[in-house]
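Notes to accompany the following structure.
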Ligand code: B12
Ligand code: SF4
Ligand code: SF4
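Numbering (the numbering used here), first residue to last: 10 to 306.
In structure tokens form, the structure reads like this:
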């Protein structure tokens with residue numbers, strides 16, 4: 010198993026389940042399992058500029074949805090009943106597990122930082138009922154006195170540790186009416202990359218260029234598609250991107266905030282039409298009303 014994993018992933022660590030349990034306060038029942046593999050896959054981090062016709066989400070969404078990619082690898086590995094592959098949508102703390110392997114350390118931006126891949130990688134877990142020797146490396150790397158991400162975060166979400174309620178990536182993935190302040194600060198269709206872009210540990214990284222994470226056509230979302238396509242048609246065109254997990258209406262709401270930043274009046278009529286439709290929820294319409302007033306104002 011270990012050799013197979015090393016071929017598929019950019020790094021692999023192994024810890025005893027007991028070690029994970031004593032480090033976290035998980036309520037997940039892991040009594041069947043003995044070991045945990047912690048794996049990582051690096052993604053590209055070139056930044057695509059937005060245009061007045063097409064918008065982008067966080068750079069991690071430029072390639073194929075990492076859930077699809079990890080699950081595909083798990084199925085190629087033919088994991089039998091002794092193993093369980095997990096990616097993202099589960100109740101185990103992937104960052105804590107990785108920290109225990111020593112392969113990366115937790116940065117002040119709340120993300121795990123690897124010496125070769127910086128913070129631009131996804132983490133996955135494979136639980137095993139068979140015991141494996143631990144693979145833990147010593148890691149003396151740290152942020153030191155650097156506070157660049159704390160200073161750069163436009164909403165102060167790192168001032169007192171990480172505060173998810175302030176974080177742009179937190180609120181732009183939540184179905185809610187955005188406050189004026191939130192509208193002002195949001196700048197992507199989904200997610201936020203500022204605390205990674207400014208991080209010196211993300212300079213001069215090893216580029217892996219995995220086929221799956223190469224920039225796909227879906228990296229750009231046509232604004233017309235957001236407003237004009239049905240949910241089904243939009244999913245057919247953009248469904249392999251990880252930004253769609255909260256649905257198209259959330260992307261539309263976030264797009265409004267970018268139109269306002271661009272002072273882009275080209276879609277005012279489409280916004281007006283969406284406000285008349287009974288299809289959209291209040292949290293979308295409240296934000297849309299506010300943005301339209303500002304654009305026309
Ligand atoms: C929910 C979630 C989010 C939420 C909430 C984030 C949060 N709570 O930290 C939102 C949507 C905001 C989010 C945003 C992002 N996320 Co996210 N997210 C997750 C997810 C699914 C669960 C995390 C979680 O809530 N854990 C449970 C809570 C309780 O943990 P916690 O908040 O970290 O705090 C607890 C412990 O971590 C611990 N703790 C806290 N600080 C410290 C410090 C030390 C030293 C120790 C030992 C313990 C410790 O104590 C806390 C209380 O119990 C994980 C995948 C996973 N299953 O782990 C991905 C994950 C953490 N996200 C990831 C990414 C990439 C992001 C974004 C960069 C995406 C983007 N570009 O917008 C941003 C980063 C924002 C930021 N600066 O942290 C990656 C991180 C990769 C990496 N290199 O570290 C993960 C691992 C997904 C993956 N499979 O790759 N995320
Ligand atoms: S993801 Fe954005 S808002 Fe959240 S902590 Fe980082 S810079 Fe701040
Ligand atoms: S910007 Fe500086 S403080 Fe923030 S995570 Fe990177 S090295 Fe650490």
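Cβ coordinates follow ideal geometry from the N, Cα and C atoms, glycine included. None of the values given here were measured: they were computed from a predicted structure.
Q. Considering only residues of the same chain and omitting the five flanking positions on each side of residue 207, which have a CB-CB separation below 7 Å?
A. Position 198 of the chain shown holds residue 207. For residue 207, where only same-chain residues beyond five positions count, the Cβ hits under 7 Å are 157, 158 and 161.
Q. Comparing alpha-carbon positions, which option in 259, 10 and 147 lies nearest residue 141?
A. Residue mapping note: residue 141 aligns to position 132 of the chain shown, counting from 1. Measuring from the Cα of residue 141, the nearest candidate turns out to be 10.
Q. In whole angstroms, what separates the C-alpha of residue 283 from that of residue 256?
A. Counting from one through the chain shown, the residue named residue 283 turns up at place 274. Counting from one through the chain shown, the residue named residue 256 turns up at place 247. Taking the straight line joining both Cα atoms gives about 16 Å.
Q: Specify the secondary structure class of residue 93 as computed by DSSP and reduced to three states.
A: For the purposes of this step, residue 93 is taken as the residue at position 84 of the chain shown. Strand at residue 93.
Q.
Between the stretch 163–170 and the stretch 75–88, can you find at least three pairs of beta-carbon atoms closer than 8 Å?
A. Too few Cβ pairs lie closer than 8 Å, so no.
Q. Any chance the CB of residue 202 is under 8 Å from a heavy atom of ligand 1?
A. Working through the chain shown from its first residue, we reach residue 202 at position 193. Indeed, a heavy atom of ligand 1 lies less than 8 Å from the Cβ.
**Q.** Nearest residue (CA-CA) to residue 24, options 111, 275 and 150
**A.** For the purposes of this step, residue 24 is identified with residue 15 of the chain shown, where counting begins at 1. Among 111, 275 and 150, the Cα nearest to that of residue 24 is on 111.
**Q.** Which listed residue (210, 131, 128 and 194) has its alpha carbon closest to that of residue 154
**A.** Position 145 of the chain shown, counted from the start, is the residue given in the question as residue 154. The shortest CA-to-CA distance from residue 154 to any of 210, 131, 128 and 194 is the one to 210.
Q. Thinking C-beta only, is residue 195 closer than 9 Å to residue 135?
A. The residue given as residue 135 occupies position 126 in the chain shown. The residue given as residue 195 occupies position 186 in the chain shown. Cβ distance not < 9 Å, so residue 135 and residue 195 don't count as in contact.
Q) Around the C-beta of residue 218, are 16 or more other C-beta atoms found within 10 angstroms, so that it is buried, or is it exposed? A) Start at 1 with the first residue of the chain shown, and residue 218 comes out as number 209. Residue 218 should be labelled exposed.
(Q) Just verifying my parser: in three-state terms, what is the DSSP assignment at residue 261? (A) Translated into the one-based positions of the chain shown, residue 261 becomes position 252. Residue state for residue 261 is assigned as helix, using DSSP reduced to three classes.
Q. Measuring CA to CA, which of 239, 114 and 125 is closest to residue 149?
A. Numbered from 1 along the chain shown, position 140 holds the residue referred to as residue 149. The closest CA to that of residue 149, considering only 239, 114 and 125, is found on 114.
**Q.** Beta-carbon proximity of residue 238 to residue 246, cut-off 9 Å
**A.** The residue given as residue 238 occupies position 229 in the chain shown. The residue given as residue 246 occupies position 237 in the chain shown. Yes, Cβ-Cβ distance for residue 238 and residue 246 is below 9 Å.
Q) residue 147 by DSSP, collapsed to three states: which one? A) Here residue 147 refers to the residue found at position 138 when the chain shown is read from its first residue. If DSSP states are grouped into helix, strand and coil, residue 147 belongs with coil.
Q) CB-CB under 6 Å to residue 94, same chain, minus the five flanking residues each way: which ones, in chain order? A) Counted from its first residue, the chain shown places residue 94 at position 85. Taken in chain order, the residues that qualify are 83, 88 and 135.
Q. Can you tell which of 220, 229 and 119 has its C-alpha closest to the C-alpha of residue 395?
A. Examination of residue 395 is not possible in this model, given that the chain is present from 10 through 306 alone.
Q: With a 10 Å radius around its C-beta and 16 neighbouring C-beta atoms as the bar for buried, classify residue 126 as buried or exposed.
A: Walking along the chain shown from the start, residue 126 turns up at place 117. By the 10 Å Cβ count, residue 126 comes out buried.
**Q.** Bridge-paired residues (DSSP) for residue 45
**A.** Numbered from its first residue, the chain shown carries residue 45 at position 36. According to DSSP, which records beta bridges pairwise, residue 45 is partnered with 24 and 136.
**Q.** Runs of beta strand (DSSP E) lying entirely within the stretch 162–193, each at least 3 residues, in chain order
**A.** Runs found: none.
Q.
For a test of your reading of the model: does the CB of residue 176 fall under 8 Å from any non-hydrogen atom of ligand 1? Yes or no.
A. By 1-based counting over the chain shown, the position of residue 176 is 167. Indeed, a heavy atom of ligand 1 lies less than 8 Å from the Cβ.
Q) What alpha helix (DSSP H) runs, 4 residues minimum, are completely inside the stretch 278–306? A) If we require 4 residues or more, the alpha helix (DSSP H) runs fully inside the stretch 278–306 come out as 291–305.
Q: Could you work out which residue in 131, 64 and 39 is closest to residue 73 when comparing CA atoms only?
A: Locating residue 73 in the chain shown gives position 64, counting from the first residue. Ranking 131, 64 and 39 by Cα distance to residue 73 puts 131 first.
Q | Buried or exposed by the 16-neighbour rule on C-beta atoms within 10 Å, applied to residue 243 | A | Indexing the chain shown from 1 puts residue 243 at position 234. With 16 or more Cβ atoms within 10 Å of its Cβ, residue 243 is classed as buried.
(Q) Can you give me the C-alpha to C-alpha distance between residue 186 and residue 66, rounded to a whole angstrom? (A) Within the chain shown, residue 186 is the residue found at index 177, counting from 1. Within the chain shown, residue 66 is the residue found at index 57, counting from 1. Residue 186 and residue 66: Cα-Cα distance of roughly 19 Å.
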